[in-house]
């Protein structure tokens with residue numbers, strides 16, 4: 001039995017049917033991956049716009065807070081600091097006069113009173129919970145801060161520029177098309193803040209995502225994969241799509257989209273093909289897989305019968321040549337006749353299954369593929385227009401008010417920057433995933449067609465007159481997606497991720513320095529309290545033990561306090577400089593990174609539009625030619 005099975009598997013027709021079944025099984029998974037990748041890409045566009053807006057709000061709030069404080073500073077003169085309390089005359093010295101100290105805090109009388117309240121001591125200036133008045137920034141400090149910011153931006157620029165071509169190179173790769181009329185509405189040199197500019201970008205991220213709605217319907221993206229901010233299954237999303245818990249149906253979308261006529265047949269989603277409502281693409285592919293599995297089993301069974309038939313025929317011929325026992329000969333003839341009957345039934349089953357596959361392929365799959373190509377063409381055309389507008393919107397960053405802010409990065413802002421980095425990373429990954437998923441899908445589809453249309457042409461699975469249309473369509477599609485330069489767009493998005501990451505690193509450095517500054521002031525506060533305690537106990541002069549040991553704990557503690565005070569001032573100054581660097585670097589990185597990413601995706605969407613237009617137009621011409629031949633026949 002195993003030997004017979006092995007022999008059948010080696011038969012060419014069986015091995016080809018097995019390969020067809022494998023292709024179709026993989027195609028079912030590839031359609032799911034294509035659908036998921038498409039959904040994830042649309043989601044990433046929406047999420048990137050949302051994260052940008054959140055980031056811009058956090059950054060702009062810092063500038064607004066700084067501006068408000070500046071106005072308050074100009075409108076109201078600062079209150080003078082209270083003078084330090086004058087110490088009373090010191091008591092008679094208990095040691096030689098050469099060893100006396102002037103106390104910074106109020107000198108206690110004898111017996112020593114409890115430590116004075118903080119407000120009476122000039123050491124309050126260094127209390128970490130009481131902010132000292134900010135001193136004026138000199139020109140030298142401003143120049144130093146600007147130099148540090150320039151160095152940080154230059155580092156990010158260098159990292160982002162590696163594999164990313166300049167705009168002139170990118171524009172040379174793509175055909176320049178007419179700008180949309182919307183540019184006149186969004187391009188303005190009027191003064192806008194960062195939030196206003198990013199709001200416009202976010203609007204076109206949403207429009208670009210909405211442009212994929214047709215393809216979502218055609219690919220039958222499930223409602224759980226369709227994304228909208230804060231929405232759930234079965235709810236109406238904020239972009240006009242109402243999705244239930246079940247898969248999108250072609251019948252539903254037919255009310256929304258009309259792709260026109262191809263070859264005299266209405267195509268698209270949920271339209272009538274030959275007077276019968278077309279099933280969804282998911283259903284069509286899965287039913288094709290079911291028929292391919294059935295065909296494989298039937299062909300394998302037929303070949304098994306054929307092998308047995310040939311074996312029995314050989315035995316019958318030997319009996320007839322030898323003129324052997326009549327009973328044996330008749331028995332052998334009946335077995336051969338039975339096998340012939342079985343072969344006829346198997347052949348009819350194969351023909352029926354083949355006819356079902358052909359019917360599905362020509363009446364459902366082909367129109368769906370035409371609709372999908374047209375949907376992709378329309379989607380990338382709309383995305384091209386949206387991204388082109390965005391390239392002009394980001395030019396307004398040049399005219400932002402660049403007065404540096406001295407407000408430190410808040411924790412909310414740090415989190416919004418990390419979220420932006422995550423969303424841009426998802427945008428990059430989902431873009432690569434989408435390109436790969438489409439290539440895998442069309443490659444598997446073309447491979448299945450090659451096996452089913454050509455390699456079976458000498459047997460019962462013969463070609464039909466319709467086959468050249470679907471094969472030509474898939475081959476054109478396959479070639480088109482293989483030649484689309486996705487690497488430029490991928491690296492463009494990745495370069496934007498690089499400059500965002502540079503901001504994240506800079507904010508982390510600022511946060512780290514803030515912690516060091518706070519720690520230095522806490523240490524200072526601790527030592528100040530210890531000094532106060534010593535002064536309260538012994539006064540500002542030498543302790544009795546100092547006569548015996550030659551050491552003065554009060555003097556030593558004061559020296560340590562001075563050292564810690566200098567360190568705290570130094571750490572605070574470093575933090576303030578890092579704050580200025582972060583603010584300057586943030587704006588510079590956005591001004592540098594935005595143009596690259598939008599130029600890259602504009603070029604990619606332009607090429608995609610042209611590629612799918614070419615595929616669609618050739619398919620349309622082939623359909624019209626087919627109709628003419630059918631009429632003349």
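Numbering (the UniProt record's numbering), first residue to last: 1 to 633. Beta carbons: idealized from backbone N, C-alpha and C, even for Gly.
| Contained alpha helix (DSSP H) runs [length at least 4] in the segment 318-361, N- to C-terminal order | Every alpha helix (DSSP H) of 4 residues or more that sits fully in the segment 318-361 is shown, in chain order, as 326-360.
| said: Across the segment 25-36 and the segment 280-295, are there enough close Cβ pairs to call them in contact, namely three or more that are closer than 8 Å? | reply: Result yes; three or more Cβ-Cβ pairs closer than 8 Å.
| request: Under 7 Å Cβ to Cβ from residue 380, same chain only, skipping five residues before and after it: list those, please. | output: So the qualifying residues of the chain are 605, 608, 609, 612.
| query | Is there contact here, the segment 516-528 with the segment 553-568, by at least three beta-carbon pairs under 8 Å? | reply | yes
| What's the C-alpha gap between residue 578 and residue 499? | 17 Å
| field | Anticipated Cβ contact below 8 Å, residue 221 with residue 57, distance rounded | value | With a beta-carbon spacing of about 31 Å, residue 221 and residue 57 fall beyond the 8 Å limit used to define contacts.
| query | Grouping DSSP H, G and I as helix and E and B as strand, with all else coil, what is residue 212? | reply | coil
| Are there 16 or more other CB atoms within 10 angstroms of the CB of residue 637, so buried, or fewer, so exposed? | In the structure displayed, the chain extends from 1 to 633; residue 637 sits before or after that span and is not available.
| Residue range of the alpha helix (DSSP H) that residue 512 falls in? | Segment 486-538, the alpha helix (DSSP H) holding residue 512.
| With a Cβ-Cβ cutoff of 8 Å, do residue 703 and residue 310 count as a contact? | Lying before the first or after the last residue shown, residue 703 is absent from the chain, which here runs from 1 to 633.
| message | Suppose you measure from the CA of residue 47 to the CA of residue 426; what does that come to, to the nearest Å? | response | About 9 Å.
| DSSP on residue 407, reduced to helix/strand/coil? | coil
| query | What are the boundary residues of the alpha helix (DSSP H) that includes residue 634? | reply | Limits of the chain in this structure are 1 at one end and 633 at the other, which puts residue 634 out of reach.
| said: So for residue 49, helix, strand or coil by DSSP? | reply: helix
| query | What's the C-alpha gap between residue 442 and residue 398? | reply | 43 Å
| In whole angstroms, what separates the C-alpha of residue 372 from that of residue 592? | 37 Å
| task | Would you mind working out which of 532, 553, 600 sits nearest residue 495, comparing C-alpha positions? | result | 600
| request: Enumerate in chain order the residues of its own chain whose CB-to-CB distance from residue 291 is below 8 Å, with the five nearest sequence positions on each side excluded. | output: 353, 356, 357, 360
| query | Beta-carbon separation of residue 432 and residue 341 under 8 Å? | reply | No.
| Roughly how many angstroms separate the alpha carbons of residue 60 and residue 25, rounded to a whole number? | It is roughly 52 Å from the alpha-carbon of residue 60 to the alpha-carbon of residue 25.
| request: Under 8 Å by Cβ, that's how I've got residue 377 and residue 616 pegged, so tell me the actual separation to the nearest angstrom. | output: 5 Å
| query | Going by C-alpha distance, which of 18, 314, 407 is nearest residue 295? | reply | 18
| message | I need the straight-line Cα distance from residue 480 to residue 446, nearest angstrom please. | response | Taking the CA atoms as reference points, residue 480 sits about 13 Å from residue 446.
| said: In the DSSP assignment, the alpha helix (DSSP H) including residue 385 goes from what residue to what residue? | reply: 366-393
| Between the C-alpha atoms of residue 312 and residue 16, what's the straight-line distance to the nearest angstrom? | 26 Å
| field | Cβ neighbour criterion (16 or more within 10 Å) applied to residue 636 | value | The chain is shown only over 1 to 633; residue 636 falls outside these bounds and no answer can be derived.
| message | Assuming residue 583 and residue 507 are in contact, meaning their beta carbons sit under 8 Å apart, how far apart are those beta carbons, in whole angstroms? | response | No, residue 583 and residue 507 are not in contact; Cβ-Cβ is about 10 Å, not under 8 Å.
| query | Any idea what DSSP makes of residue 221, helix, strand or coil? | reply | Coil.
| Counted within 10 angstroms of its Cβ, other Cβ atoms place residue 562 as buried (16 or more) or exposed | exposed
| message | Our contact map puts residue 289 next to residue 28 with C-beta atoms below 8 Å; I'd like the distance itself, whole angstroms only. | response | 5 Å
| task | Spatial neighbours of residue 45 within its chain, please: CB distance less than 6 Å, with the 5 preceding and 5 following residues excluded, ordered by chain position. | result | 205, 208, 209
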